[in-house]
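Engineer:
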Amino acid sequence: MKLILTRHAKSSWDDLSLDDHDRPLNERGRAAATRMGGWISGRRHTPAHVLCSTAERAQETCALMCEQMDPTPQVIHTPELYHASPDTILAQIKRAPAGDLMVVGHNPGMCEMARMIVDVPPNHDRFAVYPTTATLIAEFSGDSWADLSFGTARVIQFIVPRELKELQTA
Numbered sequence: 002m003k004l005i006l007t008r009h010a011k012s013s014w015d016d017l018s019l020d021d022h023d024r025p026l027n028e029r030g031r032a033a034a035t036r037m038g039g040w041i042s043g044r045r046h047t048p049a050h051v052l053c054s055t056a057e058r059a060q061e062t063c064a065l066m067c068e069q070m071d072p073t074p075q076v077i078h079t080p081e082l083y084h085a086s087p088d089t090i091l092a093q094i095k096r097a098p099a100g101d102l103m104v105v106g107h108n109p110g111m112c113e114m115a116r117m118i119v120d121v122p123p124n125h126d127r128f129a130v131y132p133t134t135a136t137l138i139a140e141f142s143g144d145s146w147a148d149l150s151f152g153t154a155r156v157i158q159f160i161v162p163r164e165l166k167e168l169q170t171a
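Heads up: the sequence shown begins at 2 in this note's numbering, then just goes up one per residue.
#1: Considering only the alpha carbon of each residue, which of ALA32, LEU6 and ILE94 lies closest to SER12?
#2: How long is the line joining the alpha carbons of PRO177 and ARG8, rounded to whole angstroms?
#3: With distances taken between CB atoms, is the gap from GLY143 to LEU6 smaller than 9 Å?
#4: Give the secondary structure of GLY106 by DSSP, where H, G and I count as helix, E and B as strand, and everything else as coil.
#5: Around the C-beta of PRO74, are 16 or more other C-beta atoms found within 10 angstroms, so that it is buried, or is it exposed?
#6: How about the segment 90-100 and the segment 120-128: do they share at least three Cβ pairs that are nearer than 8 Å?
#7: Is PRO7 helix, strand or coil when you go by DSSP?
#8: How would you label ALA129, buried or exposed, when you count the other beta carbons within 10 angstroms and need 16 or more for buried?
#9: Could you work out which residue in VAL76, GLU113, ARG127 and VAL119 is closest to MET103 when comparing CA atoms only?
#10: Who pairs with ALA1 in a beta bridge, going by DSSP?
#11: Which residue or residues does DSSP assign as beta-bridge partners of ILE77?
#12: One question on the structure: do LEU65 and GLY38 come within less than 9 Å of each other, judged by their Cβ atoms?
#13: Going by the CB atoms, is the gap between ALA10 and GLU61 shorter than 9 Å?
#14: Assuming PHE141 contacts LEU149 (C-beta within less than 8 Å), just tell me the rounded distance between them.
#15: Over what stretch of residues does the alpha helix (DSSP H) that includes GLN60 continue unbroken?
#16: In terms of residues, what are the limits of the alpha helix (DSSP H) holding ARG29?
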């Protein structure tokens, strides 16, 4: 089964009166989320389900990505993913339905989760930073997410939005 870990796209700081949970994406973030969803779909990594933080920027990222996917994944809004630790993220994944799964969340938890879940980290200079819209695609050999544990997933690919822009202009 494939596990896709995506950090939400770039958010807007235009309205400083908004609570952190309610901040939307900015234009750059919306474009990056759309491109990343298309890239995932184009490489046949479309998940069956998505666990998504309830923060506005995560939900918007998820919606824009899923619009590019066919078939459209089932989204499960998961309040526990808002600024979650790797242990909390893992606990939520373990409860997920079988099938390929994407998680849309926040740093620093998403970065730490990606680092801890793989057996060997990718050779990528941005992996330790996990910038906005960064996406790890990993493979887990088990039949149930309940069996997932740290250090058991194999990296398929790690990509950041800047690389998608470069692919479009090449």
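By construction, the Cβ of each residue, glycine as well, lies at the ideal position given by its N, Cα and C atoms. Just so you know, these numbers come straight off a predicted model, no measurement behind them.
Structural biologist: According to the structure shown:
#1: Taking the first residue of the sequence shown as 1, we reach residue 12 at position 11. With distances taken between Cα atoms, SER12 lies closest to ALA32.
#2: In the structure as shown, the chain begins at 2 and stops at 171. Residue 177 is therefore absent and cannot be evaluated.
#3: Sequence index remark: in the sequence shown, residue 143 carries index 142 (1-based). Sequence index remark: in the sequence shown, residue 6 carries index 5 (1-based). No, Cβ-Cβ distance for GLY143 and LEU6 is not below 9 Å.
#4: Reading the sequence shown from its first residue, position 105 is the one you call residue 106. Strand, per DSSP.
#5: Start at 1 with the first residue of the sequence shown, and residue 74 comes out as number 73. Buried, since its Cβ has 16 or more Cβ neighbours within 10 Å.
#6: no
#7: Taking the first residue of the sequence shown as position 1, residue 7 is located at position 6. Sequence check: residue 7 is Thr here, not Pro. THR7 falls in the strand class under three-state DSSP.
#8: For the purposes of this step, residue 129 is identified with residue 128 of the sequence shown, where counting begins at 1. That one is exposed.
#9: Start at 1 with the first residue of the sequence shown, and residue 103 comes out as number 102. Nearest C-alpha to MET103: VAL76.
#10: Given a span of 2 to 171 for the chain in the structure shown, any question on residue 1 remains unanswerable.
#11: Taking the sequence shown and counting its residues from 1, the one referred to as residue 77 is at position 76. LEU52.
#12: The count along the sequence shown starts at 1 and reaches residue 65 at position 64. The count along the sequence shown starts at 1 and reaches residue 38 at position 37. Going by C-beta atoms, LEU65 is nearer than 9 Å to GLY38.
#13: Numbered from its first residue, the sequence shown carries residue 61 at position 60. Numbered from its first residue, the sequence shown carries residue 10 at position 9. Yes, these two residues count as a Cβ contact at 9 Å.
#14: Within the sequence shown, numbered from 1, the residue matching residue 141 stands at position 140. Within the sequence shown, numbered from 1, the residue matching residue 149 stands at position 148. Confirmed, Cβ separation roughly 6 Å.
#15: Counting from one through the sequence shown, the residue named residue 60 turns up at place 59. Looking at the DSSP string, the run of the alpha helix (DSSP H) that includes GLN60 is 57-68.
#16: As a working mapping, residue 29 is identified with position 28 in the sequence shown. 28-43 is the span of the alpha helix (DSSP H), which, as asked, contains ARG29.
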